[in-house]
Amino acid sequence: MVASATSNQVGAAVGAHAFATIGPAGVVAVRQFVAAAVLLPVARPNLRRFGWAQWWPTLLLGLVFATMNLSLYTAIDRIGLGLAVTLEFLGPLAVALAGSRTRLDLACAAGAAVGVYVLVMPDPSSDYPGLGLGLVAAGCWAAYILLNRLVGARLPGLEAPAAATAVSALAYLPVAAALVAQGQLHGAGVRYAVVAGLLSSVVPYAADLVALRRVPARFFGLVMSVHPVLAALAGLVLLHQVLAPHEWVGIAVVVAANAAAVAAHAGTRSTTAARRRARPAG
Numbered sequence: 012m013v014a015s016a017t018s019n020q021v022g023a024a025v026g027a028h029a030f031a032t033i034g035p036a037g038v039v040a041v042r043q044f045v046a047a048a049v050l051l052p053v054a055r056p057n058l059r060r061f062g063w064a065q066w067w068p069t070l071l072l073g074l075v076f077a078t079m080n081l082s083l084y085t086a087i088d089r090i091g092l093g094l095a096v097t098l099e100f101l102g103p104l105a106v107a108l109a110g111s112r113t114r115l116d117l118a119c120a121a122g123a124a125v126g127v128y129v130l131v132m133p134d135p136s137s138d139y140p141g142l143g144l145g146l147v148a149a150g151c152w153a154a155y156i157l158l159n160r161l162v163g164a165r166l167p168g169l170e171a172p173a174a175a176t177a178v179s180a181l182a183y184l185p186v187a188a189a190l191v192a193q194g195q196l197h198g199a200g201v202r203y204a205v206v207a208g209l210l211s212s213v214v215p216y217a218a219d220l221v222a223l224r225r226v227p228a229r230f231f232g233l234v235m236s237v238h239p240v241l242a243a244l245a246g247l248v249l250l251h252q253v254l255a256p257h258e259w260v261g262i263a264v265v266v267a268a269n270a271a272a273v274a275a276h277a278g279t280r281s282t283t284a285a286r287r288r289a290r291p292a293g
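At position 66 of the sequence shown (counting the first as 1) the number is 77 in our numbering, and the numbers step up by one without a gap.
What follows is the structure, given as structure tokens:
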């Protein structure tokens with residue numbers, strides 16, 4: 012999971028180098044084509060055997076791939092990698108807090124809200140469309156966790172992400188066609204996008220699916236706490252995006268809120284299980 016997160020953020024930083032030539036949509040299109048080209052031959056999903064129980068979450072996952080990547084990359088282009096990924100990270104935090112009723116969970120949610128406020132420090136000059144796109148990516152990431160866990164249980168191997176990536180790639184064919192018609196789909200921009208596809212699509216899609224078959228979604232959300240920190244570091248090293256002190260503080264508060272929420276739920280489950288084991292048979 013940590014390797015997946017590192018690969019994802021380094022890939023996003025590399026892909027940002029292509030924004031000037033092919034734009035965020037072009038980078039996402041190439042990402043999806045690369046992911047499909049790698050995953051389909053490896054997984055070889057037998058689409059004819061897919062029933063509706065397999066198709067509907069696969070189609071939704073493909074839509075999530077397409078929307079999550081476009082909204083995130085456009086946000087990165089507008090507000091920077093560290094801020095965009097921290098906003099996107101609210102998705103896993105929402106999964107960790109879903110259905111909670113305890114005061115600690117409410118405190119964690121409030122802490123995350125404070126962290127986002129400190130991170131953004133909204134004022135009239137803030138890029139609100141960029142911030143909004145980061146929140147769209149957050150909703151998509153939450154859906155990605157839940158759908159990936161579902162299709163991972165219904166389809167063997169890497170069939171689910173391979174088929175979903177193919178769906179997403181088909182949706183981006185018009186973008187690629189437009190870039191080819193304009194003579195833009197070549198050169199360094201495409202090479203950056205190909206690397207981004209390998210690091211931010213192929214590696215995370217496969218690694219996350221394998222991980223979600225072995226760990227609870229809440230624990231997955233805990234480990235994903237490293238994403239905002241890794242994004243800020245990748246932005247600093249590869250894009251020379253220097254964050255202000257208040258932005259680092261905001262990232263730290265959001266990450267701490269997520270870690271506290273997941274740890275609290277893990278402790279609650281352990282206590283409940285211990286009480287059930289200690290209860291005498293009736």
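Yeah, the Cβ is synthetic: ideal placement off N, Cα and C, and Gly gets one too.
Every value quoted in this text rests on a predicted model; they were computed, and no experiment measured them.
- Excluding residues up to 5 positions away in sequence, 15 and 159 lie with their Cβ nearer than 7 angstroms to the Cβ of residue 219 in the same chain.
- Taking a cut-off of 8 angstroms on C-beta distances, the segment 254-270 does not touch the segment 34-43, as fewer than three cross pairs fall below it.
- DSSP places residue 80 inside the alpha helix (DSSP H), whose first and last residues are 63-90.
- Per DSSP, the unbroken alpha helix (DSSP H) holding residue 15 starts and ends at 13-27.
- Residue state for residue 131 is assigned as helix, using DSSP reduced to three classes.
- Shown here for residue 153: same chain residues with a beta carbon closer than 6 angstroms to its own, the five before and five after excluded, namely 102, 105 and 106 in chain order.
- With a cutoff of 8 angstroms on beta-carbon distance, residue 27 and residue 87 are scored as near each other.
- Under the Cβ criterion (8 angstroms, minimum of three pairs), the segment 161-180 counts as touching the segment 64-76.
- Taking 8 angstroms as the cut-off, the beta carbon of residue 234 is found closer than this to the beta carbon of residue 12.
- Annotation for residue 30: 88 place their beta carbon closer than 6 angstroms to its own, counting only its chain and skipping 5 residues before and after.
- Secondary structure in the segment 137-190: the alpha helix (DSSP H) runs of 4 residues or longer, each lying completely within the stretch, are 139-165 and 170-182 in chain order.
- For the 8 angstroms CB-CB criterion, residue 205 and residue 45 form a contact.
- Bounds of the alpha helix (DSSP H) holding residue 200 are 199-208.
- Taking C-beta separations shorter than 6 angstroms and ignoring five residues to either side along the sequence, the partners of residue 21 in its chain run 210 and 245, following chain order.
- Residue 96 and residue 119 have their C-alpha atoms spaced approximately 19 angstroms apart.
- Around the beta carbon of residue 238, a 10 Å sphere encloses 16 or more other beta carbons of the protein chains shown; the residue is thus reported as buried.
- Put simply, of 24, 242 and 230 the residue whose alpha carbon is nearest the alpha carbon of residue 273 is 230.
- If the five residues before and after residue 151 are omitted, its C-beta is found closer than 6 angstroms to the C-beta atoms of 75, 78 and 79, all from its own chain and listed in chain order.
- Contact between residue 25 and residue 207 holds, with the beta-carbon distance rounding to 5 angstroms and staying under 8 angstroms.
- Residue 36 sits in a helix when the DSSP states are folded into three classes.
- With respect to residue 32, residue 198 sits close: the two C-beta atoms are nearer than 8 angstroms.
- In the DSSP assignment, residue 215 falls within the unbroken alpha helix (DSSP H) covering 214-223.
- By the neighbour-count definition (other C-beta atoms within 10 Å, threshold 16), residue 47 is a buried residue.
- For residue 226, there is no enclosing alpha helix (DSSP H), since its DSSP letter is neither H nor E.
- Annotated as proximal: residue 131 and residue 142, with beta-carbon spacing under 8 angstroms.
- Excluding five sequence positions before and after residue 249, the CB atoms of its chain that fall closer than 6 angstroms to its own CB belong to 24, given in chain order.
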